[in-house]
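Chains as they are written, first to last, in my numbering: chain W, 2 to 407; chain A, -11 to 144.
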């Protein structure tokens, strides 16, 4: 599809998948969860790329292993990525390059490090310089989740549990995104950005004012990273919260003056557990789908008014996965009918994942059968369903016209 | 594939076929494994000894052994399914399965039925070696056989 008059128009609708590449550290930094390693991608990377092509896909969310490539200040080991990039070009794959996916190299410590934004910007610039043919980037994947899991829930990286640590992490990640986008545009002026964020929603269970207050705040907190990135003013109480927990007023103004993200697509990730209930004890509980991708993405679109892409979804039950795929796709079609520009759809990921059922909090080795292929690279039923869906909609993803009046 | 999944795919006009054919792959791999292990039974004189114990001719037992291996391979595929297809662990699954069959068959059931050991000496070692070898070959061949069945499915 084409968005005429928009300099940022997409030529193709992007049917995509991704290689799961999360790499946070756990247990005080003693262990790194490297999903590329756990899923054998380092071993079977060429086969993985061929499988993507075999599904009829061109777009691939791909995260080079930051902790292996960015080995020190100004030091890079491109040996693995050079091979992958060459194969991608041969197979005519279009990578959506995911530069930071929940982890940083040991020498950069964690998201509390004030030097992080500048260092990641150096990396992004070096990457864009080395691979000038790459145009699509996700500078930092799911900033909200990265900050929450690392600095508020104490699971990854710095493993802190404080509001100040959370604000620090989210400031650094948002700032890193802005600086990375700037650095990439310096090297590759026609680069495009897809800022993938986890779509979240908190539903209060009951009329209790305290429960309502918690849900209301969490529903604001989910927006903070994107608000800073897209220069959308936060609500007054959230502004006060940010300043109270260490954000300098001038830094907030710096974010609000940033224009770099004007050419970005909002990537909206959605899983069954993204909608949460604040229960009668005031605690967060994931009880499954309440409203669905359409409703939650509409909230994000209403706030940011930019093209959206469904950038991640999957289903933990392999037998239910084809049904989940079709439901997500029909959500995408419905939101397009409502007038929201949608640029792509992603089943994440290509291969099964490991230990995501426990949020990568421990290295247990649980295989989660969420992939289009299992870890032996044999297809799951959802691979056939996705191949079929793509063949049906490749040339015309939205046969029905936009109908805002519906 | 479960019924709910099939219904969802059919509703969108897709005619789903099995993506995995572990029983077929196991049966084919088992047949090959049985044929490959047969010379070991003959060489160790186990075939003749077992045939005599069971009051069968050598030829009948020689024909039955690959058939039994075929059934055992199909059962192996049905039980282990996707796990039997493991790139790195397949051989270990297979050899373990061969050992299990040896424990259950010649060592337990047949001994209990006959009231004495089925075979002894070199022949006994031959039976064990044949079971381990056929299990190993079953495990190693399962993946390529599975790939073959998938290719035939896709070609259709």
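Every residue gets a Cβ at the ideal spot worked out from N, C-alpha and C, and that includes glycine.
Item	Value
Cutoff 8 Å; reference residue 90/W; Cβ partners in own chain excluding five residues on either side	134
Sequence-distant residues of the same chain with beta carbon closer than 8 Å to residue 369/W, five excluded per side	317, 353, 354, 355, 356, 357, 358
Coarse secondary structure for residue 64/W, derived from DSSP in three states	coil
Residue 256/W versus residue 218/W - alpha carbon distance	21 Å
C-beta neighbour in chain W for residue 87/A, strict 8 Å	no
Beta carbon of residue 175/W nearer than 8 Å to that of residue 127/W	no
Buried versus exposed call for residue 406/W [16 or more other C-beta atoms within 10 Å across all chains shown]	With a pLDDT of 46 at residue 406/W, under the threshold of 50, the predicted position of this residue should be treated as unreliable, though the coordinate-derived value follows. With fewer than 16 other Cβ atoms within 10 Å, it is exposed.
Those residues which DSSP pairs with residue 85/W across a bridge	Residue 85/W is not bridged to any residue.
Under the three-state DSSP convention, the category residue 144/W falls into	helix
Amino acids of chain A, ordered along the chain, whose beta-carbon sits closer than 7 Å to that of residue 327/W	-4, 0
At least 3 beta-carbon pairs within less than 8 Å: the segment 386 to 398 of chain W vs the segment -7 to 9 of chain A	yes
Residue-chain proximity (residue 196/W, chain A), Cβ-Cβ < 8 Å	no
Test item: CB-CB of residue 53/A and residue 22/A under 8 Å	yes
Against chain W: residues of the segment 74 to 101 of chain A by CB proximity under 7 Å	74, 75
Residue 310/W versus 349/W, 278/W, 177/W, residue with shortest Cα-Cα distance	349/W
is_contact[residue 375/W, chain A] using C-beta, thresh 8 Å	yes
Whether residue 399/W touches residue 334/W by CB criterion (8 Å)	yes
Close-in-space but distant-in-sequence residues of the same chain around residue 134/A (CB under 6 Å, 5 per side omitted)	13, 73
Close Cβ partners of residue 26/W (< 8 Å) along its chain, the five nearest in sequence each way excluded	32, 33, 34, 104, 107, 111, 157, 158
Alpha-carbon spacing of residue 1/W relative to residue 22/W, whole angstroms	Past the edges of chain W, shown from 2 to 407, lies residue 1/W, and the structure says nothing about it.
Close-in-space but distant-in-sequence residues of the same chain around residue 1/W (CB under 6 Å, 5 per side omitted)	Shown here, chain W extends from 2 to 407; a query on residue 1/W therefore has no answer.
Distance between beta carbons of residue 128/A and residue 86/A, contact taken as under 8 Å	That belief does not hold up - the Cβ atoms of residue 86/A and residue 128/A are roughly 11 Å apart, past 8 Å.
Assumed close pair residue 17/A, residue 61/A - CB separation to whole angstroms, cut-off 8 Å	5 Å
Within 8 Å, strictly: CB atoms of residue 1/W and residue 125/W	One cannot answer for residue 1/W here, as it falls past the ends of chain W, which runs 2 to 407.
DSSP-derived helix/strand/coil call for residue 270/W	strand
Inter-residue Cα distance where the pair is residue 292/W and residue 331/W	14 Å
Distance, residue 120/A Cα to residue 170/W Cα	57 Å
Counted within 10 angstroms of its Cβ, other Cβ atoms place residue 43/A as buried (16 or more) or exposed	exposed
Cβ pair residue 93/W, residue 130/W closer than 8 Å	no
Beta-bridge pairing of residue 311/W - partner residues as DSSP gives them	269/W, 346/W
Beta-carbon contacts of residue 312/W that lie in its chain and below 6 Å, excluding the five residues immediately before and after	197, 268, 270, 347
Contacting residues, own chain, Cβ-Cβ under 7 Å from residue 132/A (five flanking each side not counted)	none
Chain W residues whose Cβ lies nearer than 8 Å to that of residue 70/A	375, 377, 379
Range covered by the alpha helix (DSSP H) that runs through residue 336/W	322 to 338
Residue ranges of each alpha helix (DSSP H) within the segment 5 to 51 of chain W, 4 or longer	36 to 39
Through-space distance from residue 337/W to residue 1/W, alpha-carbon basis	Residue coverage of chain W in this structure runs from 2 to 407, which leaves residue 1/W outside it and unanswerable.
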